[in-house]
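Structure first, commentary second.
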Amino acid sequence: MSHAILANFESKSYLAQRSSRPRTDLEGDRKMLQAFKDLHWRRDIALKQYLVPETLPEALKMLEQYKGRARVIAGGTDVMVELRRRDYEVEALVDITRIQGMGGIEFQWDRIVLGGGVTHAQTAASPLIREKAGLLAEGCAAMGSPQIRSIATVAGNLVSGQPAADAAIPLLALDAQVTIASTNGTRVVGLSDFFLDVGKTVVDPRREILTSIEFKPLDADQGGGFLRLSKRRALSLPMLVCAVVVTLDKARQAIADAAIALGPVAPTPFRSRRIEDAIKGKPASLETLQQVAENASAYCSPRDSLLRGSCDYRQEMVKVLVKRGLRKALEQAGCVL
Amino acid sequence: MVEVAVSPGTLLVDLLRENLGLTGTKVGCREGECGACTVLMDGEAVNSCLIPALKVQGREVTTIEGLQKPDGSLDPIQDAFMEAGAAQCGFCTPGMILNAKALLNSNPDPDEGEIRKALSGVLCRCTGYRKIVQAVKNAASGK
């Protein structure tokens, strides 16, 4: 965005110098200059207070006191960009990264629980996640850059609500649930009910805090796959992300269950239930995968995007990613294709 | 250890450059894409353009200036960059060196893939990556 403005600004002044016609659009020039200054060079963000609570109740109380004029910040890698871009304005930021007890990855009963403060780097490096939910480790390792991964939280990746978020897509395939706290208490929401629209989820970051994420580890008869299509291997937005979890019926060599999450093919991270239903009970064979992949793209409607590629291209690529993802997951579940 | 008063909306990169005069940390894109502003926060590489200054209260921040030892000698990575001619315009160099530092702290003997991955969050617009990767290899092997 800022680069586009910069280019416009330069070409405009270049033309103005070269042109023998008198300049008439001074107001336009002034606005362009201001936009350039605002976007590219404005240093501070407008903020009255930066609060650093040490407990969850303290943090929730701070949010409540500001009555919607404060916002939660964790790693801040999205929030700071949005504030500088003036997507929204706040009076205070409540930094939740020093709250005790939100930074761990652990087994609780039969589930893996990630604290709300866990970063992408931590998740990608965690032996537990790599062994029991490898697709999430891969997604977290693909997000942003090393400097972003070392502070950006997985919870933040969810709350930002982007349709192709690298951690959100595998978590959606894992049927993860999140716990959301506010001064009214806590509630648990499944990720299938979590995303509302681009940039919008059921969490209101002006009043609520996503405190933990939990999901079942993959069993021995289950496998997972994460695939990402992007222009470069580093620091690039994905053109497509696909995460798959399958359960293999070993006795019958059939697919007992499958979860296929895709993005960005809709305004929110997308689970294609119809494809998932259609695949249940089918033999675990390459023919099945081919069939499912052909059907998959019909349910997806990616937009034409200069950044991410055309709809036609990406619909073709959905087929490829779904097929490869399923194959990878089945092989991990112990199936020989 | 320094004590500075800053306004709540100040970013770490501006605190370093404007208030403390540590201009070795560069400002490129201000949105976490280029990595020129990389510093180490408690040993981990982060983009200082995305960090509110108040987030680093009580934490250790290492900038490129901080790699120089008290006796004036340079960090082996800095020496290796000079030896290999790994700087062209020099703008990305502090970010490259600090990401390399974070890598070598946790993995003293990285292979080329690990080095490239560790440097993947810094853009060199001169496209001089080959010598940069070589310099990090040399620093790791003590050449």
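Residue numbers (our numbering), protein chains in the order written: chain A, 1 to 337; chain B, 338 to 480. Positions of the beta carbon are idealized from the N, C-alpha and C atoms, including for glycine.
- Per DSSP, the unbroken beta strand (DSSP E) holding A:Pro238 starts and ends at Pro238 to Asp249.
- Within chain B, the residues whose beta carbon sits less than 9 angstroms from that of A:Lys48 are Pro345 and Gly346, listed in sequence order.
- Interface residue (Cβ-Cβ distance to chain A less than 8 angstroms): B:Ala423 is not classified as such.
- Using a CB distance below 8 angstroms, the part of the stretch 391 to 423 of chain B facing chain A consists of Leu391, Lys392 and Gln394, ordered along the chain.
- A direct Cα-to-Cα measurement between B:Val376 and B:Val398 gives close to 7 angstroms.
- Using a Cβ-Cβ distance cut-off of 8 angstroms, the stretch 129 to 143 of chain A and the stretch 415 to 425 of chain B are not in contact, since fewer than three pairs of beta carbons, one from each stretch, lie closer than that value.
- For the stretch 54 to 81 of chain A, the continuous beta strand (DSSP E) assignments of 3+ residues that do not extend past its boundaries occur at 70 to 73, in sequence order.
- Listed by position along chain A, the residues whose Cβ is nearer than 9 angstroms to that of B:Asn442 form an empty set, because the closest Cβ is around 13 angstroms away.
- Distance between A:Ile148 and A:Val52, taken at the CA atoms: about 21 angstroms.
- The three-state secondary structure of B:Gln425, taken from DSSP, is coil.
- When Cβ-Cβ separations below 8 angstroms define contact, A:Gly115 makes no contact with chain B.
- For B:Thr375, the C-beta contacts it makes with chain A under 7 angstroms involve Gln147, in order along the chain.
- DSSP places A:Gln100 outside both helix and strand once states are collapsed to three, so it counts as coil.
- The DSSP assignment places complete beta strand (DSSP E) segments of no fewer than 3 residues inside the stretch 252 to 304 of chain A at 254 to 263, in order along the chain.
- Judged by DSSP secondary structure, A:Gln108 falls within the beta strand (DSSP E) whose first and last residues are Ile105 to Gln108.
- Taking CB atoms only, A:Leu235 has a neighbour in chain B less than 8 angstroms away.
- At least 8 angstroms separates the CB of A:Asp87 from every CB of chain B.
- B:Val383 has a beta carbon lying within less than 8 angstroms of a beta carbon in chain A.
- In the DSSP assignment, A:Arg187 falls within the beta strand (DSSP E) that extends over Gly185 to Gly190.
- The C-alpha of A:Ser301 is placed about 11 angstroms away from the C-alpha of A:Glu316.
- In the DSSP assignment, A:Leu158 falls within the alpha helix (DSSP H) that extends over Val154 to Val159.
- By the neighbour-count criterion, in which a residue is buried when 16 or more other Cβ atoms sit within 10 angstroms of its Cβ, B:Met419 is exposed.
- Residues of the stretch 452 to 464 of chain B with a Cβ closer than 9 angstroms to any Cβ of chain A, in chain order: Arg453, Lys454, Ala455, Leu456, Ser457, Gly458, Val459 and Leu460.
- Collapsing the DSSP output to three states places B:Glu340 in coil.
- Per DSSP, A:Ser230 is one residue of the beta strand (DSSP E) stretching across Gln222 to Ser230.
- Here B:Pro431 has Gly361, Thr362, Lys363, Ala373, Thr375, Thr400 and Ile401 as same chain residues with Cβ atoms under 8 angstroms from its own Cβ, once five neighbours each way along the sequence are excluded.
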